[in-house]
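Report on the structure given below.
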Amino acid sequence: RVNTTGAVWLGATLGCAQCHTHKFDPITQTEYFQLFAFFNQTEDGGVSLGPTEPVVDERTAAQVAAYHAARDRAEEALALAEATAAIGFSTWLPSRYVASEGPELTLEPDGSLRCVAHNPQTSVYTLEGDAPRQLSTLRLEALPDLSLRGHGPGRSGNGNFVVSRVRLFVQDGGSADWREHGFHRAVASHEQANYPVQGALSAAKGTGWGIKPHYGTPHVAHFSLAAPLALPEGATLKVEIEQLYGANHVLGRFRLRFGREEVAPVVSSEWRDAWQARVAVEASRPRVPRTLVMKERATPRVTRLFRRGSFLDPGEVVIPGYPAAWSSLVPDAPRRNRLDLARWLVHPDHALVHRVTVNRIWQRFFGAGLVETENDFGLRGAVPTHPDLLEWLAGVWVRDGFSMKALHRRVVTSETYRRSSRIDPAHLERDPRNRSLARQARWRFEAEWIRDSALRVSGRLVAKLGGPPVQPPQPDGVFAFTQSRKRWVTSKGDNRYRRSLYTRIWRSATYPFATTFDAPVADVTCTRRARSNTPLQALALANDPMLIELADHFGDQLRARSGSDATRIGDGFTACASRAPDARELEILVGYLQSQRGAAGEDSEARAWRAVARVLFNLDAFLTRE
Amino acid sequence: MNDAERAAADLTRREFFVRGGLGLGSIALSQLLDADAAAQVAGPRPQIRNVIYLFMAGGPSQFELFEPKETLQKLDGQSAPASLTEGKRFAFIDGDRAKLMGTRRDFARHGESGAPVSELLPHTAKIVDKLCFLRGVRTDEINHGPAKLFMNTGSGRFGRPSMGSWVTYGIGSAAQELPGFVVLQSGSRGPRGGATLWGNGFLPTRYAGTPFRSGREPVLHLDNPPGVDRDDQRSFIDTVAALDHQRYAQVGDPEILSRIAAYEMAFRMQSSAPELIDLNREPKSVRRLYGVDGDEPSFARNCLLARRMVERGVRFVQLYHADWDHHGDPNNHLGGPLEARCQEVDRASAALVTDLERRGLLDETLVIWGGEFGRTPMSEVRLRIGRDHHIDAFTLWMAGGGVKPGFSWGKTDDIGYSAVEGEVHVHDLHATILHLLGIDHEKLTYRFQGRDFRLTDVHGRVVQEILARG
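Taken in sequence, the protein lines are chains V and W. Position one of the first sequence corresponds to residue 180 (our numbering), numbered consecutively onward. Position one of the second sequence corresponds to residue 172 (our numbering), numbered consecutively onward.
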């Protein structure tokens, strides 16, 4: 973030000072980390996107309220059904609950335990708490949960679990030793073939209680002692649930109850229905869009300089601050938080930011900035070719209240901007790079412009603003070279023809058409793109089915128009090149159309016009801003 | 050079092409760069022209393949010495509790050089006298993604150019009708990190590696649109060229001539690339040597393709083969899964070296075989037995022009934990590869965000000891 801010706003290569101070550089490593300290105070989600906040309007607010009411009703009904099914048993609330192999167990308000976060291959859950005075049967309720895959109750891919063994230990007040009380028999509401609940009584390997194929619904097992046990006051109970099958066959949510009576473990139809009702309510949950927000941490984080840039080697404590070299630009600027940093950057007196911004706008209109090193205004950067012009543009821009529109207007109505891009051989000799702006620059469109132009010219463009990313057609096999095969479901309808801005970006394999045309990787800041001219680009323009589809449509449009061949070709050419063709250009295209017609017939007419459209999409005149 | 001067140099290069009638964009850049940039980055006389990098993604176990350790066998089941593990970071195992594990594989010494190779690589064993083993390779990164980035770009973070990009940026490629830097993939999936492993970073995009896809269209969009035959395509390209020439006459922009040439080259690629991947053109005996079976995508197929590419002047070919991770899960332990990986690559790796030599190409090609790191001398016990990631010392081999054949460099301690002599850091490996290509790794730089970047950053030592000629 510091490096990006440097490149984008300050035209400064701040990253140079990330590892150590350079003797002759004005920006020190301490100052680098003082800027870092501004950013170090935000709440970031890390790998997840966050923090976010819901964007609730009136309509969604009503939907949300209705959902909440329905959810509360469903949960009440479920709790009632669960309690009714367990009459004669009382819920045991352990005071200590741990899982081996990493995951965390959490005790929920309804007395159930959930295994969250890390999903272990195997685990032994150990639960300890006050013992009941009388004890004969342990009731293990395996509970479905909306947050589990397949709604659980287990954490394997389909929701299964295997309880390999259940053990019960008692520590009565007198002794510190745990005494095991073996269960005598076990019964369950449902048992998977070959995985009956009796298997959980012994230490034998490979046995246990499973529930295939009835996933996503509650199950109950009762484990009974040979004879009821009376326990003294103050005794402690320990239950161990071994789950050693492997491959994540551990309980995701469960509850323990104790009872004195032996009752058949039944999952009542009321209970099952109540759960299904709860699931149904969730399906009707309104989708409230969320948006990323910038949020400062509630408790500030101490920022330390990293020696040699290594986060493993933190050094002196630093507080937010601006580099001394620029301190005279905006004297006494507050420096409490990121908002202060933003205000410092856009302060009307911050002349450097104005020059950098105006220069980048100039670069967009002329192909290169007045300072050619648009991200390096330092001593090693390029000297401005027209310093007075840069200074004047920056000054007027500030006086215009930072109006981008006014700045654009000023540039595009200038005499220099409106010059022809025709290259005079004498100029080429004297100033091959056109730094003195004797002419306007010609350059190939950026990747997105090419596709967008083809969309526009063919009439396919859907100019809808905003929304989630879309997947226009891309070749098969793009993800054969990535760690995981991403899904690329080609968008249908309007989303097939949205501006390229909306195309989804996967870091490990970006949209190939864009990459071919020098779209940068998304890993590093890019303030100026390269402009190459390669055979792979020629292949993409000539043969990419995504473009061919548009060319075909364009050809069909031209064919359907009225007028002579020459008129229609002229219209098509003008749409592509923003100018009418000259006589020779027209002659070549009309000749090509006729040669493509070949044999008579409706099909060949369509084919010929499509071929012409394809030629138009491959012209330098189509691809080049002049 | 500062950025402005560099941009000027870029333009001059392009103009040079155009005037020389070679305006071919990235692909023929070599022509000029061989004469131009190469002069600036030149170190020694180039010993090789091409690199084929067989990347064993996941980190093969040196202990099961190349590094038998008597002492480690004896200490099997004992804890690792605390002096070695203290302060070390491991990916999964607990250094204090992990137990040393000797290999269960049989080893024999092979060839005149007597290099040890295990039973798992019988074909590699037969060519050890052509190989140069580096036994003390060291990396900085403990996890797959960063370690792969480090091995390819010299940095564990995103954003740096890959070795193949640096090389083609520095000295271009002699390939006339193919990209200069090609990436091939075999196995169940692509490597962790994806395109960043062959990315151009801050170098111009044209130096990015081009993934060659399996199947009949190796480069995107070689196929004409439906209903367009080769004659149609010819007249399409002629028409575009005629119109572009007309525009050139109007505006005089040399970039237009580059574009016309790029279309011409593209047209030629449409026949040369399918010709390249048509392995039926190879004699049956050659296909058998590699173990190419029909048209099935495989590592063997990619090895044979790599040879055909360097024959055609492709500068840098990188093959990824997935799933060399052996932690001890049911699908990645040191039993069946390791055996399967070895079977998939052994015959073809050896065949590639043999075939290159037969054709006289081995002198000018460097073959590299290895992963992003090795495996620990300690076992990792899950449902099955494996080993964890190990960065202090692991083995890779090279073969070909410029490196000593039948040679072994570097020695690890009694349990194979670290190098006791001949350590080769990844930066050193990079410096050496560039050296063999005739590039001084300290001179191959690119100015980005105010700094001259190098593949070797501020490190790197050419490993003189393995060079056949100084």
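No residue lacks a Cβ here, since even glycine has one placed at the ideal position from N, Cα and C.
- Taking C-beta atoms as the reference points, T301(V) and L423(V) count as a pair closer than 8 Å.
- In this structure R804(V) touches F624(V) by the C-beta definition: roughly 6 Å separates them, less than 8 Å.
- Contiguous beta strand (DSSP E) elements confined to the region 459–520 of chain V occur at 469–471, 482–485, 493–497, taking only those with 3 or more residues.
- Taking a Cβ-Cβ threshold of 9 Å, the residues of chain V close to P362(W) are F660, T661, Q662, in chain order.
- Nearest CB-CB separation between Y771(V) and chain W: below the 8 Å threshold.
- Residue V222(W) holds the alpha-carbon nearest to the alpha-carbon of L490(W) among V222(W), R216(W), P215(W).
- In this model, F796(V) and T376(W) are separated by some 23 Å (Cα to Cα).
- When rounded, the separation of the alpha-carbon atoms in A530(V) and D567(V) is 14 Å.
- Cβ-Cβ distances below 7 Å link A296(V) to P282, E283 in the same chain, with the five nearest sequence neighbours on each side left out; the list follows chain order.
- Here K301(W) is buried: its Cβ has 16 or more other Cβ atoms, across all protein chains shown, within 10 Å.
- Excluding sequence positions up to five before and after K665(V), its CB lies within less than 6 Å of the CB of F658, W685, all in the same chain and listed in chain order.
- Among the CB atoms of chain W, none fall inside 8 Å of the CB of D735(V).
- With contacts defined as CB atoms closer than 8 Å, N722(V) and D394(W) qualify as a contacting pair.
- Counting along the chain, L567(W) sits inside the beta strand (DSSP E) bounded by residues 565–571.
- Your pair M334(W) and L537(W) does not check out as a contact, with CB atoms roughly 12 Å apart and the cut at 8 Å.
- Chain order gives the chain W residues near I602(V) as V422, G423, D424, where near means a beta carbon separation below 7 Å.
- Listed in chain order, the non-local C-beta contacts of L729(V) below 7 Å within the same chain comprise A633, L634, S637, R639, local neighbours out to five positions each way being set aside.
- Within the DSSP bridge table, the entry for E307(V) names R275(V), K417(V) as partners.
- A contact is defined here as three or more CB-CB pairs under 8 Å, and the region 361–379 of chain V meets this definition with respect to the region 331–349 of chain V.
- Taking a Cβ-Cβ cut-off of 7 Å, the neighbours of I427(W) in chain V comprise D799, given in sequence order.
- R334(V) sits away from G224(V), with the two beta carbons spaced by 8 Å or more.
- Ranked by how close their Cα comes to the Cα of P293(W), the residues V353(W), F278(W), G499(W), E238(W) have F278(W) in first place.
- Residue V467(V) holds the alpha-carbon nearest to the alpha-carbon of R238(V) among W541(V), Y304(V), V467(V).
- Under the three-state reduction of DSSP, A406(V) is assigned to strand.
- Relative to the Cα of F226(W), the nearest Cα in the group C303(W), G258(W), W495(W) belongs to W495(W).
- Here A406(V) is exposed: its Cβ has fewer than 16 other Cβ atoms, across all protein chains shown, within 10 Å.
- The region 347–360 of chain W makes contact with the region 491–511 of chain W; the number of CB pairs closer than 8 Å reaches 3 or more.
- For W628(V), the closest alpha carbon among the candidates C755(V), K391(V), G267(V), E287(V) is that of C755(V).
- Along the region 322–354 of chain W, going in chain order, the ones with a CB nearer than 8 Å to a CB of chain V are F329, G330, P350, V354.
- With contact defined as three or more Cβ pairs closer than 8 Å, the region 304–316 of chain V and the region 433–445 of chain V are in contact.
- Shown here, N221(W) sits in a strand according to DSSP, grouped into three states.
- Cβ neighbours of G500(V) within its own chain (closer than 8 Å, five residues either side excluded): E210, Q213, L214, A216, R514.
- Two segments are said to touch when three or more pairs of C-beta atoms, one from each, lie closer than 8 Å; by this definition the region 369–383 of chain W does not touch the region 411–420 of chain W.
- By the C-beta criterion, the region 577–588 of chain W is judged not to be in contact with the region 512–524 of chain W, since fewer than 3 inter-stretch pairs fall below 8 Å.
- DSSP, read as helix, strand or coil, puts D735(V) in helix.
- Beta-bridge annotation (DSSP): V342(V) is paired with W388(V).
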